[in-house]
Each structure stands twice: as structure tokens, then as C-alpha cells.
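Colleague: Mind looking over this structure? Questions follow.
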Amino acid sequence: MFSFNKSLTVSLRIWLKIYASIMTSVRPLIDLGGRFWIFQATVMPAMDGLDGSLLIKIAAATLLLIGLAGRGSALILLVPALIAQFSGDPFDSTLFQIVFLIWFITHGAGAFSLDALFVSGLRQGAVPIFPSVIRIARFLDRHGQPVLLLLLRLWLAATWFYLGFLPETSQQAAAFLPVNTFSNTPPSFAMIGLPVALLGIAMPVQLGLLVLGILGQQAMNVMAGLEMTGVDPMALLLCGLMGFYGGGWLSVDGFISNWLQVHVLFERRIDHIPDDWPRVVVVGAGFAGLACAARLARLPVRLTVIDQQNYHLFQPLLYQIATASLSPADIAITIRGLFRSDRNVNVLLGEVIGVDKQKKQVITAAKAVPYDVLVIATGAQHSYFGRDEWSPYAPGLKRIEDGVQIRGRVLRAFEHAEAAASEEQRARLLNFVIIGGGPTGVEMAGAIAEMALNGLRDDFRSIDPATARVILVHAGDRLLPTFTPEMSVEAQKALERLGIEVRLDARVTEIGPQSVFMGDEQIATETVIWAAGVTASPAAHWLGIEPGPAGRVSVEGDLSVPGHPEIFVIGDVASSLGWNGQPVPGLAPAAKQQGRYVADLIRDRLSGRPKPPAFVYRHQGNLATIGRKSAVVEIGRLKIAGALAWFLWGAVHVGFLSGVRNRIAVVTNWIWSYFTLRFGVGLITGEKS
874 MFSFNKSLTV SLRIWLKIYA SIMTSVRPLI DLGGRFWIFQ ATVMPAMDGL DGSLLIKIAA
934 ATLLLIGLAG RGSALILLVP ALIAQFSGDP FDSTLFQIVF LIWFITHGAG AFSLDALFVS
994 GLRQGAVPIF PSVIRIARFL DRHGQPVLLL LLRLWLAATW FYLGFLPETS QQAAAFLPVN
1054 TFSNTPPSFA MIGLPVALLG IAMPVQLGLL VLGILGQQAM NVMAGLEMTG VDPMALLLCG
1114 LMGFYGGGWL SVDGFISNWL QVHVLFERRI DHIPDDWPRV VVVGAGFAGL ACAARLARLP
1174 VRLTVIDQQN YHLFQPLLYQ IATASLSPAD IAITIRGLFR SDRNVNVLLG EVIGVDKQKK
1234 QVITAAKAVP YDVLVIATGA QHSYFGRDEW SPYAPGLKRI EDGVQIRGRV LRAFEHAEAA
1294 ASEEQRARLL NFVIIGGGPT GVEMAGAIAE MALNGLRDDF RSIDPATARV ILVHAGDRLL
1354 PTFTPEMSVE AQKALERLGI EVRLDARVTE IGPQSVFMGD EQIATETVIW AAGVTASPAA
1414 HWLGIEPGPA GRVSVEGDLS VPGHPEIFVI GDVASSLGWN GQPVPGLAPA AKQQGRYVAD
1474 LIRDRLSGRP KPPAFVYRHQ GNLATIGRKS AVVEIGRLKI AGALAWFLWG AVHVGFLSGV
1534 RNRIAVVTNW IWSYFTLRFG VGLITGEKS
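Shown next as C-alpha cells:
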């Protein structure tokens, strides 16, 4: 059992990582808010008429708003702001603008800006001046920002000095200090705030209390029936800037932060990480592995993530690559990018070929990776139920390469039909057979039908894509067997409205290069897509144990391998009875829940806490989309179908995507497709037929 200090270190590191994540997320929003309010303050005077100088200011404010040439734009705006503040009547609003403009000159426009987007390319661009400008900007950001934050602390301390000790003379400093905005601050708060600001102690707490005080005063005025005095948003944003960016140079907060970096976080250099931190290896960066690794990264562990690919794929939208709606980069994100700021995480690209349980090593094709705790989350692969010879004719959908290959097959079928020598060949090419009536099969069938009906309209001259036959074959008596029967019926109706032929209780007996057989019935086709079944990855073979159903590894209640409490198996590769005694379904939410459970269990072991209860899966619902504006959704007692369900399905999937860029790209493509009825990625790549 670990000592109390070890337990404290675990908890402290977790909270510090969460705190750092919040700070990193909020800072760009503060920068964006400051740019927006400067833009608004610059544009509002234009309502009374334009002149040449105002046009220049509006152009500079617009560039600053979008973050293009942010430092230069801020400099252009700073000069007239200084003239207005010190040659006429001083206003706190102008003073706040001046402070923010100096901040943008020093720090830049922030993460949510075109400057941040283009900086890598411009640094290596052909224009000689850009690399020099970027070096100057980096110097200002690295060395000027801490000094500016120090000056802001002193500026705030001077404000507290006047309000706390010389309130009767504070108006003499109104051009330099925001004494009017903070005039209602109690003298006692100002007296306490003076040394706190000078020393830079707990700046987020001090500024947070200040914001709450300002807003609280407004609320009290409203409740008392008094007129609101109006709060300058720039004042609140400036408090946020000083609170979330810290005290800067020579602050107690800074010294504490550096101490925590060295003794708790160890985020400066990877070779600073202590050797006594446990070695945790996560094999697989799917939903389960990534959910586990993301939480483990907060712990005092040396974490290694191994995957055959260098990206995390959002598989629920993979079918949209296959149907030309999205590109691979829209639904995938590099694993290294996800852990860029976590120095205790090492990412390895490699194929696992075995596990040495005695030596506690994961054997890859390149080397052996030692572990103290092993988490296997390698997912599942296609299963043809013993008929692997079907795979060349009926590809499945698990990897990006599968999606690109199927997209090429589908689009190539239409292209070849355009040039077909006979009606028989044309009809065969325009038959599309999807085998499997689960969510993947249903969504794939609907997307191909939408492509034929709308996406390819007017693209061809010899064929009408809308005449294509889409046939969905399912061995069960209803589609979507994990849904309720009524939702299965709704899904079938939606498919049939798109002209899709649904074949239930139909078993495929043979698949060839130009046909599919279901008993005596033959369907002539050259495009077959397999969505009928999966089997687990060979983890059981690596561990030297007997595989369970569908090749899965049977695990204990805590998701560990029997007899090996240091080895966990999660996700589609695990056979767990954590759903009220029933097998946990192979769904993304289930995989994520298992990943988080194992990470928390490892945390409890590190902290010396009691063993948690067995894993319990909490079902969050079922969702499946059918075509362009229909879906079926089950969340608890809520069961809806149609357009509303389609919008809900889209919102849920966008929310689960990793990365802001991916979310923006997917939403943009969906909006384009929704209003234009066109698909966005009609490229044929990969193998030729």
C-alpha cells in the first residue's frame, strides 16, 4: 500500500491536470472576447458617419477580430486610443481597450486566430520577411508576456492603493487607473488586494472575487429596484485575462507553479519523470483505449500507448467516408496530437504480436515494451463466419482504408455503368448489396440510396443513378436487433421510403465476384458490403488463454484477466457480464465506460484506496440514421423517429468527436450536403477493378 504522501500526490496531480486543462481552454476564449469587444467599440462610431481615419480603424479592428496580422492591427488601433485617453476626458472603457491592445501586441491574437493557423506554414514560407517577423513575435510572447503580466499586477495594485488609502484623490489618476469602474469596491477589499496583487498570490481567486463582486452589486441593484450602473464587458474580460494567464514574472503564483512542475507534474522534460512511477501500457487507441489513456495521463504513471495506426478513428461515421460525405481527416485525429502536452505519455506505432506475462512485456514487431499494468483494448475485426474467401468480394468497414476502398467501389460502379456495353452489365453494376441489418448496415444502405437519388443527380449522361437498386440483407427477423421492435419497424419504413429493398430472414450462402446467393436466389452485383459480424482481435492468443464467444477474452468483474490482476481487457475484445448479468454490448459508450473504469481503478490502487465495485454498464441509448433527414433514437424512455431524431443523432455524434477542427469540418460538410443535396468527396482512389 502506498503512503499518504503518494495518495496526496495522485490526487494533487489529477486536480492540477484538470486545472491546467481548464486554463488552457478558457484563455483563447478571453482573447477572442477581447478582440470582439474592441471590434464593436471601433465599429459603433461608424453609425454616425465614416471618414478616412475611421475606415482605417474599422479595417484594423476587423483584421484583429479574425486574428490576421493581429499584432500590427492592434498597434494601428493603439495610437488613436492613447490620443483619445490622454488628450481629452479619460474613460475606463478606453483604458481597458488600451490594455488589451498592448496585450495583443505582446501576446498576439491568441489560439483562435488566423495567425495561429498560418504560423507554421509562414515560418517555412518563401517570403524572407515572415520567418523574421515570427521570431520577433515569439520573443515578445515568451519574454514580453511575463513582464506585461507583472505590469498589470502593479497597475491593479496601484488601483487598490488609491481606492483603499487615497479615495478622495483617486480621480487624479483616472486617466491611468480604472478607479471609476471599481469605485464601489469596499476599502477593506482594496487594502487586502494591494499586497495580494503586488506579490501575485492567488490571482485567479482575487480576480474571481472581483468579478463576483461586480456582478453581485448589479444583482443587488436590480433586487432593490435601482437603476443598473452598467458593467463594461472589457473590465470583466480584463479580470479574466489576469486571472487565467496568471501573475507573470516575480509572482508567488509563478514560483508555486514552477515548484509543482518540478515536484508533482514533471511536465517540463520527459527525462525528469521519476523512475518509480509505474509503467502502464495501453494497447489500442480506439474508444476504450483512448478513454482509459486520457485519464491515466493525469496520474503519476509512465504511460505508453501502442496502436497499429497513428490516429484515433471515430468509427460511427466511417460509413460516411465510404459514401463520399466526409473525408478521412474529418473523423480521425493523430494520437500524438491528443497527448502533446502530456510528457508522461509515449506513443508507439507498432503491431503487437504477443504478451510475455512472466516477464511483464508486450512484444511488438520492433521491440519488447515492459509494463507494470497492461490494458488491452484492441477492438474487433471482420468475421465472415468461417467463409474468409468472401472478403475480397464483400469488404467490411473497420478502418479508414476500408472506407476509402468501399467509396471507390461504389463510385466506380456508377462510372462503369455509364460505359457498360449491355443492359445486363449495367443492371449488375447498379445493384448494391449490404449484408447485415445492424446500425452500420442500415446507415450504409441509407447513405448509398441518398447518393443515388440526390448526390449524383445530373452527373451522368447514359444512366440515371436514381434507378440503382440498394438491397439490405439481414439474417434476423427484424432490423436493428438491439433496438425495440417498434423502432426496428420505423427504421425499415424509412429505408423503404428511400426505395431500399429490405430482405429479412435471408441468409447469404455464397458470394462471388459478380453475384450473391441466398439459397436458390441469385442477385447479380459487383458491389457487396459486409456489415454482418465481427470477431475480437487475437488478444486471447497473445495471453495464452481460451477465447470466449466471438473470440473475446472473458474477464473478471473488474475487467481484469483471471489470475492476472495487473492485466485488463476492455472494449470489443472483452467478454464482460457487466450489464445486469448480460454481456456488455460492443458499443462506443460501453467501451468508453470500461476505459474510464479501469483508469479509475488504477488510480485507486496508486492511492491505496479500497478496490471499487465491479464494473456496471449504464446503457445510454441507441441511435441510427437513415439517409438525409431520418433517424431512430432511443434514450431511456425517449423513443423518436424522423427528422427530429436525425438532428439529435447529428448533435450527439458531433459532441463525441475528438478535436475542434474535426467538429467544424463535419458540421460544415453536413450543412453543405443538407442544403445542396450534393456529397463532398467524390474521389476514386485505391485499387482498380
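In our numbering, the protein residues as written are 874 to 1562.
Glycine residues also receive a C-beta, built at the ideal position from the N, C-alpha and C atoms.
#1: Alpha carbon to alpha carbon, how far is V1527 from V1540? Give it in angstroms, no decimals.
#2: So is P1001 buried or exposed if we call it buried at 16+ other beta carbons inside 10 Å?
#3: Could you pull out every residue in the same chain whose Cβ sits closer than 6 Å to the Cβ of G1073, ignoring the five residues on either side in sequence?
#4: Out of L974, P1354, T1498 and V899, state which residue places its alpha-carbon closest to the alpha-carbon of P1077.
#5: Less than 8 Å between the C-beta atoms of N1053 and A1046, yes or no?
#6: Going by beta carbon distance, what residues of the same chain come within less than 7 Å of A1031, once the five residues before and after it are set aside?
#7: Would you call the CB atoms of N1535 and I1194 closer than 8 Å?
#8: Which residues does DSSP list as the beta-bridge partners of E1507?
#9: How far does the alpha helix (DSSP H) with M1107 in it reach, from first residue to last?
#10: Please specify which runs of the beta strand (DSSP E), each continuous and at least 3 residues long, are wholly inside the segment 1184 to 1233, giving them in chain order.
#11: Out of Y1470, S1256, G981 and L1013, state which residue places its alpha-carbon closest to the alpha-carbon of A1164.
#12: Only counting the same chain, and skipping five residues up and downstream in sequence, which positions put a Cβ closer than 6 Å to that of S876?
#13: Give me, in chain order, the residues of the same chain whose beta-carbon lies closer than 8 Å to that of M1391; leave out the 5 immediate sequence neighbours on both sides.
#14: Can you tell me which of R1478, P1151, R1260 and F1212 puts its alpha carbon nearest to the alpha carbon of N1183?
#15: By how many angstroms is the C-alpha of L990 removed from the C-alpha of N1542?
#16: So, are the CB atoms of A1397 and T1313 less than 8 Å apart?
#17: Under a Cβ-count criterion, where at least 16 other Cβ atoms within 10 Å of its own Cβ denotes burial, should R1168 be classed as buried or exposed?
#18: Could you name each continuous alpha helix (DSSP H) segment of 4 residues or more that falls completely within the segment 1022 to 1098, going from the start of the chain to the end?
#19: Could you pull the DSSP bridge partners for I1007 from this structure?
#20: What residue range is occupied by the uninterrupted alpha helix (DSSP H) comprising V1381?
#21: When the Cα atoms are used, what is the spatial distance from A1341 to A1364?
#22: Please return the same chain residues whose Cβ sits closer than 6 Å to the Cβ of L1284, not counting the five positions on each side in sequence.
#23: Using the Cα positions of P963 and S884, report the straight-line distance between them to the nearest angstrom.
#24: If we ignore side chains and look at the alpha-carbon of each, how far apart do T979 and V1020 end up?
#25: Kindly list the residues whose CB is nearer than 6 Å to the CB of V1218, restricted to its own chain and excluding five residues on each side of it in sequence; keep chain order.
#26: Given a threshold of 16 other Cβ atoms within 10 Å of its Cβ, counted over all protein chains shown, does F1548 qualify as buried or as exposed?
#27: Indicate whether the contact test is met: 3 or more Cβ pairs, each with one atom in the segment 1002 to 1013 and one in the segment 958 to 974, closer than 8 Å.
#28: Where in the segment 882 to 927 do unbroken runs of the beta strand (DSSP E), each at least 3 residues long, occur, reported from the N-terminal end onward?
#29: Kindly give me the distance between the Cβ atoms of I1440 and L1191, rounded to whole angstroms, as I take these residues to be in contact under 8 Å.
#30: Between V1505 and Y1118, what straight-line distance do the alpha-carbon atoms span, to the nearest angstrom?
#31: Where I1226 and V1178 are concerned, what is the direct C-alpha to C-alpha distance, given to the nearest angstrom?
#32: Report the CB separation of I1499 from I1402 in whole angstroms; it is logged as a contact under 8 Å.
#33: What are the boundary residues of the alpha helix (DSSP H) that D1245 is part of?
#34: Report the three-state DSSP secondary structure of L1176 (helix, strand or coil).
#35: Are the beta-carbon atoms of G988 and G1017 separated by less than 8 Å?
#36: How would you write the range of the alpha helix (DSSP H) that S1130 sits in, first residue to last?
Modeller: Working from what's here:
#1: Spanning the two alpha carbons is a distance of roughly 8 Å.
#2: exposed
#3: R1026, G1120, S1124, V1125 and D1126
#4: V899
#5: no
#6: Same-chain partners within the cutoff: L1050.
#7: no
#8: N1495 and K1512
#9: P1106 to Y1118
#10: Runs of the beta strand (DSSP E) inside the segment 1184 to 1233: 1184 to 1186, 1205 to 1207, 1218 to 1222 and 1225 to 1229.
#11: Relative to A1164, the option among Y1470, S1256, G981 and L1013 whose CA is nearest is Y1470.
#12: Caution applies to S876, whose pLDDT of 42 falls short of 50 and renders its modelled position unreliable; the value that the coordinates give is listed next. Hits under 6 Å: none found.
#13: V1346, R1376, A1379, R1380, V1381 and T1382
#14: F1212
#15: 20 Å
#16: T1313 sits away from A1397, with the two beta carbons spaced by 8 Å or more.
#17: buried
#18: 1060 to 1072 and 1076 to 1096
#19: Note: I1007 sits in no beta bridge, so no partner.
#20: No alpha helix (DSSP H) holds V1381; DSSP gives it neither H nor E.
#21: 20 Å
#22: I1557
#23: 49 Å
#24: When rounded, the distance between both Cα atoms is 10 Å.
#25: A1170, L1176 and F1212
#26: Classification for F1548: exposed.
#27: no
#28: none
#29: Contact flag wrong, Cβ pair sits at about 29 Å.
#30: 45 Å
#31: 15 Å
#32: Going by Cβ atoms, the distance from I1499 to I1402 rounds to 16 Å, so no, they are not a contact pair.
#33: Neither: D1245 is in no alpha helix (DSSP H) and is coded neither H nor E.
#34: strand
#35: According to the sequence displayed, residue 988 carries Asp and not Gly. Their beta carbons are not under 8 Å apart, which means D988 does not touch G1017 by this criterion.
#36: V1125 to L1133
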